[in-house]
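Numbered per this note's numbering, the sequence shown spans residues 21 to 127.
Take a look at the structure below.
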Amino acid sequence: MVSIPLDMLDAVRDGGIILVKLRLKRIGAKKKPFYRIVVADSRSPRDGRFIENVGTYDPRQNPSAVTFKEDRIRYWLNNGVQPTDIVKSLLKKHGISPKPQPTSAEA
21 MVSIPLDMLD AVRDGGIILV KLRLKRIGAK KKPFYRIVVA DSRSPRDGRF IENVGTYDPR
81 QNPSAVTFKE DRIRYWLNNG VQPTDIVKSL LKKHGISPKP QPTSAEA
């Protein structure tokens, strides 16, 4: 796990560009895809450095096998991390709302 300053996480937006994303990191062999769901800086390469591993996705199983650390995903979503389109669809399919839950101060 990479150490990221908290002020970077608070400043998730930099001129409209999302800095931290919830995305897939491919770790499978050739023609055998397997993915980790990771929290990563949007400027990092797809298979590069990441902040935290929060799940896995195996598209080769029927039906596709997905595992989540649901509490950590909710933590990151509430801190403003944006999921990519594929991760967003996986979250919706498994009943995790990609929109952050409102805090008591916002409600």
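Glycine residues also receive a C-beta, built at the ideal position from the N, C-alpha and C atoms.
Since the model is a prediction, treat every value here as computed from it, not as a measurement.
Just curious, the beta strand (DSSP E) that Asn-73 is in, first and last residue?
Element bounds for Asn-73: 72-78.
Please list the terminal residues of the continuous alpha helix (DSSP H) segment that includes Val-101.
Per DSSP, Val-101 belongs to no alpha helix (DSSP H) and is neither H nor E.
Hey, Val-107 and Arg-92: beta-carbon distance below 9 Å or not?
No, Cβ-Cβ distance for Val-107 and Arg-92 is not below 9 Å.
Please list, in chain order, all residues of the same chain as Leu-110 whose beta carbon is under 7 Å from its beta carbon, the five residues on each side excluded.
Contacts found: Tyr-77, Val-86.
In the DSSP assignment, find the unbroken beta strand (DSSP E) run with Arg-46 in it and report its ends.
Run containing Arg-46: 40-46, per the beta strand (DSSP E) assignment.
Spatial neighbours of Val-58 within its chain, please: C-beta separation below 8 Å, excluding the five flanking residues on both sides.
Counting only Cβ-Cβ distances below 8 Å, and skipping sequence neighbours, we find Leu-42, Arg-43, Leu-44, Lys-45, Phe-70, Ile-71, Glu-72, Asn-73, Val-74.
Which residue marks the beginning of the beta strand (DSSP E) containing Ile-116, and which one marks its end?
Run containing Ile-116: none; DSSP gives neither H nor E here.
Enumerate in chain order the residues of its own chain whose CB-to-CB distance from Ala-31 is below 8 Å, with the five nearest sequence positions on each side excluded.
Model confidence at Ala-31 stands at a pLDDT of 47, short of 50, so the residue's coordinates are unreliable and nothing is read from them.
Could you check which residue in Phe-54, Ser-64, Gly-48, Phe-88 has the C-alpha nearest to that of Lys-112?
The shortest C-alpha separation from Lys-112 is found at Phe-88.
How far does the beta strand (DSSP E) with Phe-88 in it extend, from its first residue to its last?
Where Phe-88 is concerned, the enclosing beta strand (DSSP E) stretches over 85-88.
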